[in-house]
Amino acid sequence: MPDLTIAERIIQELLHTTLPLDDDELARRLEIQPRQTINQVCRRLEQSRQVRRYIGPSGKIVNELVGGSLPAGTVIEHALLPEPAAGDSATQRRAEGVMLSQLSERLGKTLRPRRFALPDGVRVEVDGVDEDLTLLVEAWAHQGPPKSAQKHKVLADAMRLLFVASTLPVPPRMVLCLSDNEAARHFTTARSWAATALRTFDIRVEVVELPAELRSEIVAAQQRQYR
Numbered sequence: 007m008p009d010l011t012i013a014e015r016i017i018q019e020l021l022h023t024t025l026p027l028d029d030d031e032l033a034r035r036l037e038i039q040p041r042q043t044i045n046q047v048c049r050r051l052e053q054s055r056q057v058r059r060y061i062g063p064s065g066k067i068v069n070e071l072v073g074g075s076l077p078a079g080t081v082i083e084h085a086l087l088p089e090p091a092a093g094d095s096a097t098q099r100r101a102e103g104v105m106l107s108q109l110s111e112r113l114g115k116t117l118r119p120r121r122f123a124l125p126d127g128v129r130v131e132v133d134g135v136d137e138d139l140t141l142l143v144e145a146w147a148h149q150g151p152p153k154s155a156q157k158h159k160v161l162a163d164a165m166r167l168l169f170v171a172s173t174l175p176v177p178p179r180m181v182l183c184l185s186d187n188e189a190a191r192h193f194t195t196a197r198s199w200a201a202t203a204l205r206t207f208d209i210r211v212e213v214v215e216l217p218a219e220l221r222s223e224i225v226a227a228q229q230r231q232y233r
């Protein structure tokens with residue numbers, strides 16, 4: 007595989023993550039110093055309308071790939087990328103960023119997306135992880151009762167948490183972060199095997215409240231997905 011340019015590596019990283027990333031996080035993941043190099047390249051990508059830059063929930067400027075805009079010659083690490091889940095959109099990713107920020111404040115932990123490289127070469131991405139690896143979080147911004155396939159998606163997130171936790175030397179806390187009580191009910195108070203399983207494996211469900219405007223955007227995005 008030919009060496010990728012820094013711009014191509016940034017785009018590849020943004021393709022593989024589920025959340026917008028700030029310059030510091032991109033520099034850390036790509037092991038590029040000084041950080042200013044990332045800043046300059048991201049600004050050029052913004053000028054060419056391949057990346058969108060805006061202030062994220064933490065107050066830092068974050069970078070998000072503009073849908074459908076890949077430069078010629080971009081090499082994707084995997085031949086096939088997974089299909090996005092129903093309701094997956096830029097709006098949902100922004101909402102999940104806000105959720106992680108709120109959960110960070112609630113639990114007193116700074117949560118950032120993190121990719122774990124396993125000994126066999128497999129990589130696993132987790133939505134939110136603290137610096138000391140004591141807390142693993144998967145976020146889901148869906149509003150309203152989940153459909154059958156969406157319940158499976160949340161349980162797949164729970165399996166991801168269990169799997170990553172099993173690779174760490176000290177067992178971390180595991181949390182599913184949701185933003186709507188109706189979406190959470192099937193996994194908390196309902197008489198369902200899913201709720202029982204989450205309690206059995208000590209995976210907590212935390213519900214945070216999104217701003218009203220962002221909730222409305224999420225609902226509108228879901229309606230477009232299921233027309």
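Counting in this note's numbering, the sequence shown runs from 7 upward without gaps. All residues carry an ideal CB built from backbone N, CA and C; glycine is no exception.
Using the beta-carbon count (16 or more within 10 Å), is residue i buried or exposed?
i, result
"E137", "exposed"
"T195", "exposed"
"E219", "exposed"
"P90", "Low local confidence applies: a pLDDT of 42 at P90 is under 50, so the model's placement there is unreliable, with the coordinate-based value given in what follows. By the neighbour-count rule (16 or more Cβ atoms within 10 Å), P90 is not buried but exposed."
"R28", "It is worth fixing the name first, because residue 28 is Asp in this sequence and not Arg. Label assigned to D28: buried."
"Q42", "exposed"
"D186", "buried"
"T23", "buried"
"A203", "exposed"
"M180", "buried"
"T173", "exposed"
"R112", "exposed"
"A155", "exposed"
"L25", "buried"
"L86", "In this prediction, L86 scores a pLDDT of 32, lower than 50, which makes its location untrustworthy; the coordinate-derived value is nonetheless stated afterwards. That one is exposed."
Do you know whose CA, among the options, lies nearest residue i's CA?
i, options, result
"R15", "R191, V47, L25, P40", "V47"
"L215", "A227, N45, W146", "First, the residue type needs correcting, since residue 215 is Glu and not Leu in the sequence shown. Considering only alpha carbons, the answer is W146."
"P230", "E31, E131, Q98", "Looking at the sequence shown, residue 230 is not Pro but Arg. Selected option, being the one with the closest Cα: Q98."
Give me the Cβ distance between residue i and residue j, rounded to the nearest whole Å; I'm assuming they're in contact under 8 Å.
i, j, result
"L182", "D163", "6 Å"
"E19", "L36", "6 Å"
"L168", "F207", "6 Å"
"L117", "V135", "7 Å"
"V72", "R58", "5 Å"
>> Just to confirm the assignment: which complete beta strand (DSSP E) runs, minimum length 3, are found wholly within the region 96 to 152?
In response: 118 to 123, 129 to 135, 141 to 146
task: Ignoring anything shorter than 3 residues or poking outside the region 153 to 185, list the beta strand (DSSP E) runs there in chain order.
output: The region 153 to 185 contains these whole beta strand (DSSP E) runs: 179 to 184.
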